[in-house]
C-alpha cells in the first residue's frame with residue numbers, strides 16, 4: 003500500500019507494457035531508463051512476464067526500482083474497447099488500472115488502445131467529487147512559447163472522452179486543464195480559452211455561450227474568452243477548452259497537416275536533386291514546420307477528472323517518450339493534481 | 003426582368019462593389035476583366051456611382067456588358083451585420099440582393115462582411131422548398147486531385163451560417179454540396195462524407211449518427227461514410243458535411259496553419275543567407291505547402307439553400323478572384339443549381 007500524497011517519498015508508476023504499436027519492448031526500455039534517471043520513481047511493469055524479463059535482461063536498469071506484475075492478456079489497437087475489456091479479464095491495462103485503484107501504484111501510464119485505457123480508468127477509478135465527465139487532454143506544440151520553461155506547448159481538451167459536453171462540463175474541463183498546465187508546465191497563471199466561431203461572448207452554440215458567462219466570473223481560472231480555429235496552431239493561449247467531438251477533429255486535422263509536410267519532404271528527397279540540396283540547407287526550417295505540426299513529439303496526454311492519475315502515451319511512442327510520460331505522471335502525483343482540480347471547481 | 007433559367011442567353015451577375023478589404027477598386031476591376039472574357043455575362047455593379055465610374059474610366063472593359071446601380075451606403079467588415087443592415091437601408095449588399103430577388107440579376111457576388119451578406123440573402127431570397135437552413139460552403143485546396151479538371155479542391159459546409167445543425171440539416175447540406183460539386187467542378191459522382199470523430203457509423207453525437215443512417219439509404223448522393231479531421235487537408239473526399247460551428251473552427255485552423263508556413267518563409271528570407279539559397283531552390287516546394295494550406299486562393303464560397311445564387315468572395319480578393327467568382331456564379335445559374343438541389347432532396 004502506497005502512502006497518501008502528502009508524505010510520498012517514493013512514487014510508484016504502473017506501466018501497461020502491452021498493446022502499443024511497438025509491443026512491450028519500447029515501454030520496458032523506457033521504464034528501464036526511468037529507473038536510471040529518477041531515484042524517487044518505482045516502475046511497476048504490468049504485462050507478459052517472459053516478454054518483460056527478456057527485454058530487461060538486455061537493457062541497463064536499476065533492478066531495485068522495477069517490479070513486474072504478470073498479466074496474461076492484452077488489448078490490441080484494433081479491438082473494440084468495450085467488448086475486449088469485458089472478455090479479457092486479465093488484460094494488462096485493466097490489471098494495471100486496478101492495481102492503481104487498489105493503492106499498489108500512484109499512477110498509470112499506457113501506450114495502448116486509447117478507448118480501452120479510458121474505459122479501464124472509468125471502471126476502476128472514481129470521478130473526483132464535482133466532476134461529471136472525464137476529459138482526455140492533448141499536449142501539442144505551437145508557434146509561441148510560454149511558462150517558466152518556455153515550452154512551446156498548448157493543451158487542448160477534451161479530445162475524445164466526452165463527445166457531447168454541457169456548459170458545466172466545459173467549465174470543469176477549464177478548471178482541470180488549468181490545474182494541469184500549472185503543475186506540469188509550471189505556468190503560474192495559464193491562459194484558458196473556449197474554442198468558438200468568434201471571439202465575442204455570444205458566439206457559438208448555447209453550451210459555449212453559457213460556459214463563457216460562468217468562466218468569466220470564476221476567480222481561480224485565468225479565462226481570456228473565446229479563441230478561434232486560427233489560434234490553435236498559433237498557440238495564442240495555454241489551455242483550449244472544447245467538447246470531445248470538436249477536439250478530436252481538430253487534433254486529427256493537425257496530424258493531417260503534419261502528414262502533408264512529411265510527404266512533401268519525402269517527395270523532395272526522392273525526386274529532385276535540386277530540391278535535395280535546398281532541403282539540406284533548409285533542414286532546420288523544415289524541422290521547425292514539422293515541430294509545429296507534430297503533435298506526437300510530446301508523448302503524454304492526461305486523462306483528467308479521475309481520482310487517480312493516468313497518462314496516455316502515443317501508440318507509436320519510443321522509449322524516450324515513455325520515460326517522459328513516467329516523469330510527468332510522477333510530477334502530477336507529487337503535486338497532487340487531483341486535489342488541485344477539486345479545489346478549483348465551482349462550489 | 004431576366005428570363006427563366008431554361009432560356010438564358012445572357013446571365014446578369016450583380017456585384018456588391020463596396021465593403022471588401024480593398025474597397026471598390028478590385029471588385030470593379032474584376033468585373034471589368036469579366037466583361038472582356040465572358041460575352042454571355044452582364045455585370046451589374048452596385049455601389050457608389052462616382053467611385054465605380056472612376057475605376058472604370060481607368061480600366062479596360064466592354065461598356066455594353068456593364069451597368070451601374072447607385073447605392074449610397076455600405077457595410078464595413080467590422081460592423082455588426084444585423085444592426086448595420088437594419089440601419090443602412092441603402093447598403094450596397096442589401097440593394098444588390100434585392101435586385102437579384104426582383105429578377106434584375108440572376109446571382110449575387112460580394113467580397114464584403116460575410117454575416118451581412120448571409121443576412122441580406124436571408125432577407126431578400128426564399129429558401130428552396132425542403133431546405134430548412136442555408137449553408138455557407140468553403141472551397142479549399144487539398145493534397146489530392148479529382149474530377150474532370152483534376153482540380154485539387156474540396157468543399158466543406160457549413161462553415162458558419164448554421165451554428166447548430168440537425169440530422170435533417172446535415173442531410174440537406176450533403177445534397178446541396180453534392181449538387182454544387184457536380185455542377186461547378188464537373189465531378190459526376192462527388193464523394194460526400196460526414197465529419198466525425200471516427201469512421202464507424204455509430205461515431206459522433208446523435209445528429210451525426212442519424213444523418214449517417216439517412217444518407218446511407220439515399221441513392222442520389224455518393225455517400226462514403228464518415229471522415230476524420232486528418233482527411234480535411236488530405237482531401238480524401240469531395241464534399242465534407244458538418245455544422246457551422248465545427249466547419250468554422252476547421253476552416254480557421256487551416257488559415258492558422260497557412261499563416262505559420264508564411265511566417266516561416268518570411269523569417270527565412272530575412273534572417274539567414276543559407277536559408278535564402280535553400281528557399282530559392284525549394285520555392286516550388288514551399289509554394290506547394292502554401293497552396294495546400296491557402297484556403298484563400300480559391301475566391302468563391304457559395305451560400306447554398308436559397309432560390310437565388312450567391313457567391314461570397316474572400317474579403318481580401320484581388321480582381322482575378324472576383325472575375326472567377328463571377329464565372330462560378332454564372333455557371334451555377336446556367337446549370338440551374340437551385341433545381342438540382344431541389345431534385346436531390348429527400349421526399
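Residue numbers (this note's numbering), protein chains in the order written: chain A, 3 to 349; chain B, 3 to 349.
We put the beta carbon where it would ideally sit given N, CA and C, even for glycine.
Within-8 Å CB hit, residue i to chain B
{"i": "residue 258 (chain A)", "result": "yes"}
{"i": "residue 207 (chain A)", "result": "yes"}
{"i": "residue 196 (chain A)", "result": "no"}
{"i": "residue 298 (chain A)", "result": "Bear in mind that the predicted position of residue 298 (chain A) carries a pLDDT of just 49, short of 50, making it too unreliable to give a figure here."}
{"i": "residue 193 (chain A)", "result": "no"}
{"i": "residue 60 (chain A)", "result": "no"}
{"i": "residue 165 (chain A)", "result": "yes"}
{"i": "residue 162 (chain A)", "result": "yes"}
Residue i at chain A interface by Cβ criterion, 8 Å
{"i": "residue 251 (chain B)", "result": "yes"}
{"i": "residue 13 (chain B)", "result": "no"}
{"i": "residue 234 (chain B)", "result": "yes"}
{"i": "residue 157 (chain B)", "result": "no"}
{"i": "residue 255 (chain B)", "result": "yes"}
{"i": "residue 230 (chain B)", "result": "yes"}
{"i": "residue 340 (chain B)", "result": "no"}
Straight-line Cα distance separating residue j from residue i
{"i": "residue 93 (chain A)", "j": "residue 47 (chain A)", "result": "13 Å"}
{"i": "residue 117 (chain B)", "j": "residue 87 (chain A)", "result": "49 Å"}
{"i": "residue 24 (chain A)", "j": "residue 323 (chain B)", "result": "49 Å"}
{"i": "residue 187 (chain A)", "j": "residue 198 (chain A)", "result": "25 Å"}
{"i": "residue 310 (chain B)", "j": "residue 167 (chain B)", "result": "22 Å"}
{"i": "residue 200 (chain A)", "j": "residue 215 (chain A)", "result": "15 Å"}
{"i": "residue 77 (chain B)", "j": "residue 19 (chain B)", "result": "11 Å"}
{"i": "residue 183 (chain A)", "j": "residue 43 (chain B)", "result": "58 Å"}
{"i": "residue 29 (chain B)", "j": "residue 207 (chain A)", "result": "34 Å"}
{"i": "residue 204 (chain A)", "j": "residue 40 (chain B)", "result": "44 Å"}
{"i": "residue 53 (chain A)", "j": "residue 70 (chain A)", "result": "11 Å"}
{"i": "residue 103 (chain B)", "j": "residue 236 (chain B)", "result": "38 Å"}
{"i": "residue 340 (chain A)", "j": "residue 330 (chain A)", "result": "14 Å"}
{"i": "residue 316 (chain A)", "j": "residue 326 (chain A)", "result": "12 Å"}
{"i": "residue 247 (chain A)", "j": "residue 45 (chain B)", "result": "44 Å"}
{"i": "residue 142 (chain B)", "j": "residue 63 (chain A)", "result": "52 Å"}
{"i": "residue 89 (chain B)", "j": "residue 180 (chain A)", "result": "43 Å"}
{"i": "residue 190 (chain A)", "j": "residue 27 (chain B)", "result": "50 Å"}
For residue i: DSSP bridge partner residues
{"i": "residue 228 (chain B)", "result": "B:196"}
{"i": "residue 241 (chain B)", "result": "B:157 and B:194"}
{"i": "residue 111 (chain B)", "result": "B:17 and B:313"}
{"i": "residue 142 (chain B)", "result": "B:156"}
{"i": "residue 308 (chain B)", "result": "B:129"}
{"i": "residue 43 (chain A)", "result": "A:13"}
{"i": "residue 68 (chain A)", "result": "A:45"}
Sequence-distant residues of the same chain with beta carbon closer than 7 Å to residue i, five excluded per side
{"i": "residue 305 (chain A)", "result": "120, 123, 136, 138, 163, 312 and 314"}
{"i": "residue 169 (chain B)", "result": "209, 212, 213 and 216"}
{"i": "residue 95 (chain A)", "result": "18, 21, 77, 112, 114, 118, 119 and 122"}
{"i": "residue 337 (chain B)", "result": "185"}
{"i": "residue 192 (chain B)", "result": "180, 183, 184, 224, 240 and 241"}
Close Cβ partners of residue i (< 8 Å) along its chain, the five nearest in sequence each way excluded
{"i": "residue 195 (chain B)", "result": "225, 226, 227, 228, 229, 233, 238, 239, 241, 242 and 243"}
{"i": "residue 140 (chain A)", "result": "157, 158, 159, 161, 249, 253, 297 and 303"}
{"i": "residue 55 (chain A)", "result": "70"}
Outcome for residue i when other beta-carbon atoms lying within 10 angstroms are tallied against a minimum of 16
{"i": "residue 37 (chain B)", "result": "buried"}
{"i": "residue 219 (chain A)", "result": "exposed"}
{"i": "residue 295 (chain B)", "result": "Caution is warranted here: a pLDDT of 48 is assigned to residue 295 (chain B), below 50, making its placement in the model unreliable, and the coordinate value is therefore given only provisionally. Counting Cβ neighbours within 10 Å, residue 295 (chain B) comes out buried, since at least 16 surround it."}
{"i": "residue 80 (chain A)", "result": "exposed"}
{"i": "residue 231 (chain B)", "result": "buried"}
{"i": "residue 125 (chain A)", "result": "exposed"}
{"i": "residue 59 (chain A)", "result": "exposed"}
{"i": "residue 84 (chain B)", "result": "exposed"}
{"i": "residue 257 (chain A)", "result": "buried"}
{"i": "residue 349 (chain A)", "result": "exposed"}
{"i": "residue 74 (chain A)", "result": "exposed"}
{"i": "residue 67 (chain B)", "result": "buried"}
{"i": "residue 343 (chain B)", "result": "buried"}
Same chain, Cβ closer than 6 Å to residue i, neighbours up to 5 away in sequence not counted
{"i": "residue 61 (chain A)", "result": "31 and 34"}
{"i": "residue 172 (chain A)", "result": "213 and 243"}
{"i": "residue 133 (chain B)", "result": "174 and 307"}
{"i": "residue 98 (chain B)", "result": "16, 18, 48 and 110"}
{"i": "residue 222 (chain A)", "result": "346"}
{"i": "residue 320 (chain B)", "result": "28"}
{"i": "residue 128 (chain A)", "result": "309"}
Contacts that residue i makes with chain C (C-beta to C-beta distance below 7 Å)
{"i": "residue 247 (chain A)", "result": "The question asks about chain C, but that chain is absent: this structure's protein chains are A and B."}
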